[in-house]
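Peer 1:
Residue numbers (the numbering used here): -10 to 436.
#1: Using 8 Å for Cβ pairs, my map puts residue -6 next to residue 117. What's the rounded Cβ distance?
#2: Considering residue 292, what are the terminal residues of the alpha helix (DSSP H) in which it resides?
#3: What are the partner residues of residue 331, as DSSP defines its beta bridges?
#4: Please look up how many angstroms separate the CB atoms of residue 143 and residue 194, rounded, as I've assumed it's under 8 Å.
#5: From which residue to which residue does the alpha helix (DSSP H) around residue 377 run?
#6: I'd like to confirm the pairing. Which residues does DSSP put opposite residue 140 in its beta bridges?
#7: Contact defined as beta carbons within less than 8 Å: I believe residue 92 pairs with residue 86. What is the distance between those atoms, to the nearest angstrom?
#8: Straight-line CA distance for residue 23 to residue 120?
#9: List the endpoints of the continuous alpha helix (DSSP H) containing residue 323.
#10: In the DSSP assignment, the beta strand (DSSP E) including residue 438 goes from what residue to what residue?
#11: With a CB to CB cut of under 7 Å and the five nearest residues on each side skipped, what residues in its chain are close to residue 253?
#12: Please state if the CB of residue 149 and the CB of residue 215 are separated by a distance shorter than 7 Å.
#13: Considering Cα atoms alone, identify which of 387, 396, 327 is closest to residue 277.
#14: What residues in its chain sit with their C-beta under 6 Å from that of residue 41, if we drop five residues either side in the sequence?
#15: Would residue 145 be called buried (16 or more neighbouring beta carbons within 10 Å of its own) or exposed?
#16: Residue 352 and residue 385: beta carbons closer than 7 Å?
#17: Return yes when at least one heavy atom of the ligand PLP lies under 6 Å from the C-beta of residue 274, else no.
#18: Give the DSSP bridge partners of residue -1, in chain order.
#19: Which first and last residues belong to the alpha helix (DSSP H) in which residue 426 is found?
#20: Enumerate in chain order the residues of its own chain whose CB-to-CB distance from residue 255 is below 8 Å, with the five nearest sequence positions on each side excluded.
#21: For my contact list, residue 445 and residue 110 are in at a C-beta cut-off of 8 Å; report their separation, rounded to the angstrom.
#22: When the Cα of residue 140 is compared with those of 271, 66, 60, 74, which residue comes out closest?
#23: Just to confirm before moving on: does the CB-CB distance between residue 206 and residue 179 stay below 7 Å?
#24: So what does DSSP say about residue 403, is it helix, strand or coil?
#25: Buried or exposed for residue 318, please, with buried defined as at least 16 other CB atoms from any protein chain shown within 10 angstroms of its CB.
#26: For residue 362 versus residue 287, is the C-beta spacing smaller than 7 Å?
#27: With distances taken from CA atoms, which of 333, 282, 327, 405 is nearest residue 421?
#28: Nearest to residue 219 by CA position, among 89, 90, 185, is which residue?
#29: Taking the C-alpha atoms as reference points, what is the distance between residue 181 and residue 169?
#30: Return the CA-CA distance between residue 108 and residue 171, expressed in angstroms with no decimal places.
#31: Whole angstroms is fine: what's the gap from residue 88's alpha carbon to residue 137's?
#32: Let me know the beta strand (DSSP E) ranges lying completely inside the region 341 to 391, each 3 residues or longer, listed in chain order.
#33: Hey, would you say residue 341 sits closer than 7 Å to residue 378, going by beta carbons?
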């Protein structure tokens, strides 16, 4: 699938003079947002579109075409594919209106002509953050694209997929690439799991599914991927009318949720219950695996420390005392009114330097496996230089940072996340993320 994700030339079928149309939006995104390859517009009724030559059909393009993107009425798609296959087997069908809409005859026609590397139909297609290959029919100002990173996203749903992308951009989570495969008539979630599992640039995989059509293939692909990198799954269509909605949406077979849960457990993947948790877990898996469940909490707000401790106890994480040598080091470097315990409350007048000294001591403590840092940004001694201070401790032990608050704090959270430091708005979410990292490390120790 190398050419499918990183093409040097693209033909978009369905570009028109109306910039608000799906095909036109895709074409304009490609020529305006940094994609460096060749882009061809295909429309038999125009000789030029948006200042570029337009072609009557894909096969009339003189040069090579690595990928064809089709955004035309469903009834026209099979004949367009027949022609496009003269140039390439990499085809993305954005158009909907096939089996998911009850049009089974058209579904059969499409499947008969479909090439081996077809994505869709009824999908958003692919976004590659490095090459800027982008078949999303949303303008950049409506859906800001995330920065480049090591997270791969697979989504059965285009709407959910765009939501995940939007959240990644908002949170500052870097992505490698994204694929929305819709009905998945040829390439499906299992194929993309295998592809990303083999890709050395991908560090973790986020997967949204409603249902699968080949359970055995999916189980094998999921287990294969999880052995190589963390896989975080968000499953929808779990019960009742939600399962019916999944079938209508993409033609997926939702099946029994208990069966899916058993598959997830056997493959040892992490299941997220919400978008929020999916991103919480995605961020924490940038950290090294902990050796155990012993957590240290550093805070400049006593209440935040108590809340974090409550969550830790609920999840059966240990809050051990520091070793005597760590205790001596902390007492020597911190003011006398700071009580050296775990949680370690460095109190509200703490400046950045106090956090640095506390982290230096705690990170070296052999009794500690993971560290949670709570930060109230309002005290006068606190500022954004804290980002560089904390960055200096990344990689030593699993580390999560909690920055509760509003607009000012959201800026710091984003800065920390972009620096590779998993950051959360509430203590409970930070503790839960560390617990998930720990529990996943127990079940998948080779990761």
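No residue lacks a Cβ here, since even glycine has one placed at the ideal position from N, Cα and C.
On a predicted model such as this, the values are computed, not experimentally measured, just so you know.
Peer 2: Reading from the atomic positions:
#1: Indeed they touch by this definition, with Cβ atoms about 6 Å apart.
#2: Taken as a continuous stretch (DSSP letters only), the alpha helix (DSSP H) holding residue 292 covers 291 to 303.
#3: According to DSSP, residue 331 shares a beta bridge with no other residue.
#4: Right, the Cβ-Cβ distance comes to about 7 Å (below 8 Å), so this counts as a contact.
#5: Residues 375 to 380.
#6: Answer by DSSP bridge pairing, in chain order: 164, 193.
#7: Indeed, because the Cβ distance is near 6 Å, the residues count as touching under 8 Å.
#8: Going from the Cα of residue 23 to the Cα of residue 120 covers about 8 Å.
#9: Per DSSP, residue 323 belongs to no alpha helix (DSSP H) and is neither H nor E.
#10: With the chain represented from -10 up to 436, any question about residue 438 goes unanswered, as that position is not in the structure.
#11: Counting only Cβ-Cβ distances below 7 Å, and skipping sequence neighbours, we find 222, 260.
#12: No, the Cβ-Cβ distance between residue 215 and residue 149 is not below 7 Å.
#13: Closest by alpha carbon: 387.
#14: Hits under 6 Å: 30.
#15: Classification for residue 145: buried.
#16: Yes, these two residues count as a Cβ contact at 7 Å.
#17: With respect to small molecules bound, the structure shown includes none, and the ligand PLP cannot be examined in it.
#18: Beta-bridge pairing links residue -1 to 28, 56.
#19: For residue 426, the enclosing alpha helix (DSSP H) stretches over residues 416 to 432.
#20: Cβ within range, chain order: 208, 212.
#21: Missing from the structure shown is residue 445; the chain here goes from -10 to 436 and no further.
#22: Selected option, being the one with the closest Cα: 271.
#23: Yes. Within cutoff.
#24: In the three-state DSSP reduction, residue 403 falls in the helix class (H, G or I).
#25: Around the C-beta of residue 318, 16 or more other C-beta atoms lie within 10 Å, and the residue is accordingly described as buried.
#26: Yes; because the gap between Cβ atoms is below 7 Å, this pair is in contact.
#27: Comparing alpha carbon positions, the residue from 333, 282, 327, 405 closest to residue 421 is 282.
#28: Selected option, being the one with the closest Cα: 185.
#29: Approximately 10 Å between the Cα atoms of the pair.
#30: Between the alpha carbons of residue 108 and residue 171 lies a gap of roughly 8 Å.
#31: Straight through space, the alpha carbons of residue 137 and residue 88 are spaced by roughly 35 Å.
#32: Along the region 341 to 391, the beta strand (DSSP E) occurs as fully enclosed runs of 3 or more residues at 359 to 363, 388 to 391, listed in sequence order.
#33: Their beta carbons are under 7 Å apart, which means residue 341 touches residue 378 by this criterion.
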